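A short worksheet on the structure shown next.
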Amino acid sequence: MVGLASPVSCSTTIASELATDCRRRSPELRGPETYTGKDLLTAHKGMNIREQEYIAAIDDVLSAMEKHGARQPERDDVVAILYSLKGQVIRV
Ligand code: HEM
57 MVGLASPVSC
67 STTIASELAT
77 DCRRRSPELR
87 GPETYTGKDL
97 LTAHKGMNIR
107 EQEYIAAIDD
117 VLSAMEKHGA
127 RQPERDDVVA
137 ILYSLKGQVI
147 RV
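Here it is, written out as structure tokens:
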């Protein structure tokens, strides 16, 4: 399981932040994963991703979390954090 950190400190990578936050909030989700991918700006640069596509991606994440039994507070955190990352994904 990977996790997100605080919505206000989303500077590096989505997955490493997920790991930080899920470990803090949910000891049962503790995992060994470390994100080694690109930062979000680099990953999405030049794709001209639209707002609607971004919202659709968030909806998919939420559906997956629901399917796997994630609790409402964690789902709310993830929505807030993903939304806070929009400047690194939409039309960059
Ligand atoms: C909440 C929104 C999103 C997050 C958190 C996110 C996160 C990521 C991450 C972590 C990667 C991996 C980077 C790597 O390869 O190291 C990635 C890659 C990618 N994302 Fe997103 N993404 C989001 C939305 C979207 C949307 C809306 C699209 C397209 C409509 C998209 C298209 C892609 C593509 C094509 C790649 C592969 C880039 C490559 O291989 O160079 N992403 N994204």
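The numbering used here puts the sequence shown at residues 57 to 148. Glycine is no exception: its CB is placed at the ideal position from the N, C-alpha and C atoms. Predicted model only: the values in this text are computed from it and were never measured.
### Task
With a threshold of 7 Å, establish whether the CB of glycine 143 neighbours any heavy atom of the ligand HEM.
no
### Task
Go through its chain and collect everything with a Cβ distance to tyrosine 110's Cβ below 8 Å, but skip five positions before and after it.
Lys142, Val145, Ile146
### Message
Please classify alanine 126 as buried or exposed, where buried requires at least 16 other C-beta atoms within 10 Å of its C-beta.
### Response
buried
### Message
Tell me the rounded alpha-carbon separation between glutamate 107 and lysine 94.
### Response
21 Å
### Query
Does the distance from the C-beta atom of valine 134 to that of valine 117 stay below 8 Å?
yes
### Task
Report yes if the C-beta of methionine 103 is less than 7 Å from at least one heavy atom of the ligand HEM; otherwise report no.
yes
### Query
Exposed or buried, which one is proline 96 when buried takes at least 16 other CB atoms within 10 Å?
Checking the displayed sequence, the identity of residue 96 turns out to be leucine instead of proline. With 16 or more Cβ atoms within 10 Å of its Cβ, leucine 96 is classed as buried.
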